[in-house]
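Beneath this line is the structure, given in structure tokens, with notes to follow.
Number of protein chains: 2
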Amino acid sequence: MNSDNSCPAEGLLKALSGKWKPQIFRIALDGPVRFNMLLRLVPGSNKQSIAVALKELEEQGLFEKRVVTVKPLHIEYNLSSKGQSLIPVFRQLENIA
Amino acid sequence: MNSDNSCPAEGLLKALSGKWKPQIFRIALDGPVRFNMLLRLVPGSNKQSIAVALKELEEQGLFEKRVVTVKPLHIEYNLSSKGQSLIPVFRQLENIA
DNA sequence: TTGTATAGTCAGTTTTACCTGACTTATTGT
DNA sequence: ACAATAAGTCAGGTAAAACTGACTATACAA
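Just so you know, the sequences run in chain order V and Y.
For the first sequence, position 32 matches number 32 in our numbering, and the numbering has no gaps at all.
Here our numbering = 1-based position in the second sequence + 100.
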């Protein structure tokens, strides 16, 4: 188990690491995301990977899951306040890259 | 191969991802780092992992390797200018965490 | 010349991450 | 009633990341 924290940034970096989470987070900047939507939007992705990524982003407290009880009844994921606090960081990374 | 870049931040996130790179980067904020130094400072690490991490950080252009030709002749790694541009981002992550 | 320190490499194994295809459950639309 | 869409789960397999222990090479120091 890793909670050594001599490096506080480690947890957040891990929360955004992996093959799909950066892309998913990026898309979530533009508004709520949904499972099948991501499956369509993220080229090369698959159900399992999207599901795992969404679960981890939620567990890490960056996304919030909610059931939307309108018309065709769906589930959406929004940035939590912690997730939103990452927006400027993410933008900064885009500038540097 | 992944150079899709619909997500510019992805490369930098990857460059700081993995079990050891965040800690190593964090230490490098305080000044030049060296192989055996990291082996001592990073608990639970091992030669191989440190070597791979340093190589990747260098390849990604965040670290610069140089041979220091003084007395006991050693090798040190410093933040490149790109690496330095990540400092405020890293600090921000520490604040959010 | 024997030993110690630095800075690694290499082969083999284990652990973690990711992928695939089949299956599920609930809610709609025709 | 039948098919479609949304949002998944599950088992099994492959690929990537990390770990271990043994080994190498160069420079000093005693």
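Ideal Cβ placement from N, Cα and C applies to all residues, glycine included.
{"Query": "CA-to-CA distance, K21(V) to F163(Y), given in whole angstroms", "Result": "25 angstroms"}
{"Query": "Closer than 7 angstroms: P108(Y) CB and nearest the ligand PLP heavy atom", "Result": "Judged by which ligands are present, the structure shown has none, so any question about the ligand PLP falls away."}
{"Query": "Within the segment 134-194 of chain Y, ranges of the alpha helix (DSSP H) (whole runs, at least 4 residues)", "Result": "135-141, 147-159, 181-185"}
{"Query": "Distance between beta carbons of L193(Y) and L12(V), contact taken as under 8 angstroms", "Result": "5 angstroms"}
{"Query": "Closest residue to A53(V) among A15(V), C7(V), P8(V) (Cα-Cα distance)", "Result": "A15(V)"}
{"Query": "Rounded C-alpha distance that separates Q160(Y) from N78(V)", "Result": "32 angstroms"}
{"Query": "Reduced DSSP category for A197(Y) - H, G, I as helix; E, B as strand; rest coil", "Result": "coil"}
{"Query": "8 angstroms Cβ cut-off: residues of chain Y touching G64(V)", "Result": "The residue you asked about is not Gly; residue 64(V) is Glu in the sequence shown. Under the 8 angstroms cutoff, chain Y gives no residues; its nearest Cβ is about 16 angstroms from E64(V)."}
{"Query": "G144(Y) versus S49(V): straight-line alpha-carbon distance, rounded", "Result": "29 angstroms"}
{"Query": "Residue burial classification, A9(V) (beta-carbon count within 10 angstroms, cutoff 16)", "Result": "buried"}
{"Query": "Under the three-state DSSP convention, the category G131(Y) falls into", "Result": "coil"}
{"Query": "For K55(V) and S80(V), the rounded distance between their alpha carbons", "Result": "14 angstroms"}
{"Query": "Members of the segment 160-186 of chain Y near chain V, C-beta cut-off 9 angstroms", "Result": "K182, S185, L186"}
{"Query": "Limits of the unbroken alpha helix (DSSP H) element including K114(Y)", "Result": "110-115"}
{"Query": "When R34(V), L38(V), P32(V) are compared against Q23(V), the one with the closest alpha-carbon", "Result": "L38(V)"}
{"Query": "Residues from the segment 130-143 of chain Y in contact with chain V, defined by Cβ distance under 8 angstroms", "Result": "P143"}
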